[in-house]
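Novice: When you line the sequence shown up against this note's numbering, it's residues 2 to 376, in that order.
All C-beta atoms, glycine included, are put in the ideal place defined by N, C-alpha and C.
Keep in mind the model is a prediction, meaning the values are calculated, not measured.
Supplied in structure tokens, the structure appears directly below.
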Amino acid sequence: MLSILVAAVNILTVLDKIDPERLQATVEKLASFHTRNTFSPTLNDAADWLAGEYRKIPGVQVELMTYTPPKGRRIPEEKEVVQVVATLTGEDDRALIVGGHIDSLNLQGGIDGRAPGANDDASGTALALEVARAMAGRKWKHTLKFVGWTGEEQGLHGSRAMAKKARAEGWKIDAVLSNDTVGSSSNRNGQKDDKRVRVFSEASDSHRSRELARFIAWLVREDKFGVKLVFRKDRFGRGGDHSPFNDEGFSAVRFVEVHEEYTRQHTEDDLPEHMDFSFLANVAGVNLRVLSALANAGAPPSDVEIDRRQGHDTTIKWVAVLGTEYMVYWRETTSPTWQSSRKVGAVSQTTIEKVNKDDHVFAVGAVGGIPVEAK
């Protein structure tokens, strides 16, 4: 019980480090660049500034990753492009990634048109930086990567380059949290929701993005600021930097505000003055809570199976990793989110009494880790 209380205090201490004023200062600085179009000279200036901010954080190593997107839509020529990857090395090589995209776009103004890109996506870029500041100075079991992608507005080229690199080099990525357009709680239509952020997730047999989304909802279920799960890869006609990681078989989700203001996106009117920095701080807090749990989670179980014999109770078995403590989750088949959970300890089998397997879905996960659905 004491260890649980200490962990709770530590997470709350970390959450207290999220600073709305510092988020605002970061967004205002990024928006002050005339444009951050991927193919404008000022993109490199913005990337260099962001890299410099990460270098100020103790223990963080910074890489300026380069890639060359092919000539095509919104890409006038083949050109080497840079993006920022900041790493807080953990005790092992399992990794978590959180990021936003540095680049901005003015659809009518071309490469040199004014494109402040405050909400899209200085908001997500500032969030990742603030989360890095909050998590630095502590020991984490797993490695954390804080990313400022580029090439997003031209077709997700930066995140695709990183995802392909990760797959080719065998990175062990547990989760990717992409934050894109997360800085406003209302739109011009009079709609407002300052209590939730949307989380988009894809269902697939090759990754556990949907289970990551459910886990996020379970973590914040009693918080004042929560999430609205959307069981789609992304919005209609839109894309985000989580998708290339999905395509490479990694679990990745997208955070985006509930009520977007589409008329400001990709224009010179995407300005800091239209944002809600308390809302952005709350979204950062959700990211921080999720990463703080996942960063110290044990290894996931394998071969999670339900005993199919008839009975009023449900017995679940799995292949456990020595010394890892596990949680069991369950929900009715019609519920999108976990309704109940139980910590069962360092075991490889448990029975949930008086819960019918026919009416429920079950999963098992390491404490703090993404659950694995039982078959």
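Could you give the first and the last residue of the continuous alpha helix (DSSP H) run that contains Ser124?
Specialist: Where Ser124 is concerned, the enclosing alpha helix (DSSP H) stretches over 124-136.
Novice: Quickly, what does DSSP pair Phe280 with across the bridge? List them, please.
Specialist: None, per the DSSP bridge assignment.
Novice: For Thr27, report the span of its alpha helix (DSSP H) as first-last.
Specialist: Taken as a continuous stretch (DSSP letters only), the alpha helix (DSSP H) holding Thr27 covers 21-33.
Novice: Is it right to say Val83 is buried, meaning 16 or more other beta carbons lie within 10 angstroms of its own, or is it exposed?
Specialist: By the 10 Å Cβ count, Val83 comes out buried.
Novice: Pick out the complete beta strand (DSSP E) segments inside the region 221-284, 3 residues or longer, and give them in chain order.
Specialist: Listed in chain order, the complete beta strand (DSSP E) runs (minimum 3 residues) inside the region 221-284 are 227-231, 253-258.
Novice: Could you give the residue range of the beta strand (DSSP E) that holds Thr144?
Specialist: Counting along the chain, the beta strand (DSSP E) containing Thr144 begins and ends at 144-150.
Novice: Can the beta-carbon of Val183 be found less than 7 Å from the beta-carbon of Ser124?
Specialist: Yes, the Cβ-Cβ distance between Val183 and Ser124 is below 7 Å.
Novice: So the beta strand (DSSP E) Thr315 belongs to, where does it begin and stop?
Specialist: It spans 315-320 - the beta strand (DSSP E) in which Thr315 sits, taken as one unbroken run.
Novice: Could you pull the start and end residues of the alpha helix (DSSP H) that Ala52 belongs to?
Specialist: Segment 42-56, the alpha helix (DSSP H) holding Ala52.
Novice: Taking only the alpha-carbon atoms, compute the straight-line gap between Arg309 and Phe256 and give it to the nearest angstrom.
Specialist: Using only the alpha carbons, I get a separation of about 37 Å.
Novice: For Asp94, does the count of other Cβ atoms within 10 angstroms reach 16, so buried, or fall short, so exposed?
Specialist: Counting Cβ neighbours within 10 Å, Asp94 comes out exposed, since fewer than 16 surround it.
Novice: Count the other CB atoms within 10 Å of the CB of Phe246; is the residue buried (16 or more) or exposed (fewer)?
Specialist: So Phe246 ends up on the buried side.
Novice: Classify Gln1: buried if its beta carbon has 16 or more other beta carbons within 10 angstroms, exposed otherwise.
Specialist: The displayed coordinates of the chain run from 2 to 376. Any statement about residue 1 would go beyond what the structure contains.
Novice: Let me know if Ala253 comes out buried or exposed under the rule of 16 or more other beta-carbons within 10 Å of its beta-carbon.
Specialist: Looking at its Cβ environment, which holds 16 or more other Cβ atoms inside 10 Å, Ala253 is buried.
Novice: Starting from His158 and walking both ways along the alpha helix (DSSP H), at which residues does that stretch end?
Specialist: Residues 158-170.
Novice: Nearest to Trp219 by alpha carbon, out of Ser244, Arg236, Phe280, Ala294?
Specialist: Per the Cα distances, Ala294.
Novice: Give the secondary structure of Val10 by DSSP, where H, G and I count as helix, E and B as strand, and everything else as coil.
Specialist: Model confidence at Val10 stands at a pLDDT of 37, short of 50, so the residue's coordinates are unreliable; what they give is reported in the following sentence. Three-state result, Val10: helix.
Novice: At 4 residues or longer, and completely inside the region 282-362: list those alpha helix (DSSP H) runs for me, N to C.
Specialist: Whole alpha helix (DSSP H) segments, 4+ residues: zero.
Novice: What's the C-alpha gap between Ser341 and Leu213?
Specialist: Cα to Cα, Ser341 sits roughly 16 Å from Leu213.
Novice: Identify which residue in Thr352, Arg115, Phe251, Pro337 has its Cα closest to the Cα of Lys166.
Specialist: Considering only alpha carbons, the answer is Phe251.
Novice: Evaluate Tyr263 with the Cβ neighbour count: other Cβ atoms within 10 Å of its Cβ, from every protein chain shown; 16 or more gives buried, anything less gives exposed.
Specialist: Looking at its Cβ environment, which holds fewer than 16 other Cβ atoms inside 10 Å, Tyr263 is exposed.
Novice: Could you tell me which of His267, Val99, Lys72 sits nearest to Asn180, measuring between CA atoms?
Specialist: That would be Val99, whose Cα lies nearest to the Cα of Asn180.
Novice: Asp121 by DSSP, collapsed to three states: which one?
Specialist: DSSP places Asp121 in helix when its eight states are reduced to three.
Novice: Do the region 352-369 and the region 323-337 meet, that is, are 3 or more Cβ pairs less than 8 Å apart?
Specialist: Result yes; three or more Cβ-Cβ pairs closer than 8 Å.
Novice: Using the Cβ count rule (16 or more neighbours within 10 Å means buried), how would you classify Thr67?
Specialist: Label assigned to Thr67: exposed.
Novice: Where does Thr126 land, buried or exposed, given buried means 16+ other C-beta within 10 angstroms?
Specialist: By the neighbour-count rule (16 or more Cβ atoms within 10 Å), Thr126 is buried.
Novice: Can you give me the C-alpha to C-alpha distance between Val86 and Thr315, rounded to a whole angstrom?
Specialist: When rounded, the distance between both Cα atoms is 45 Å.
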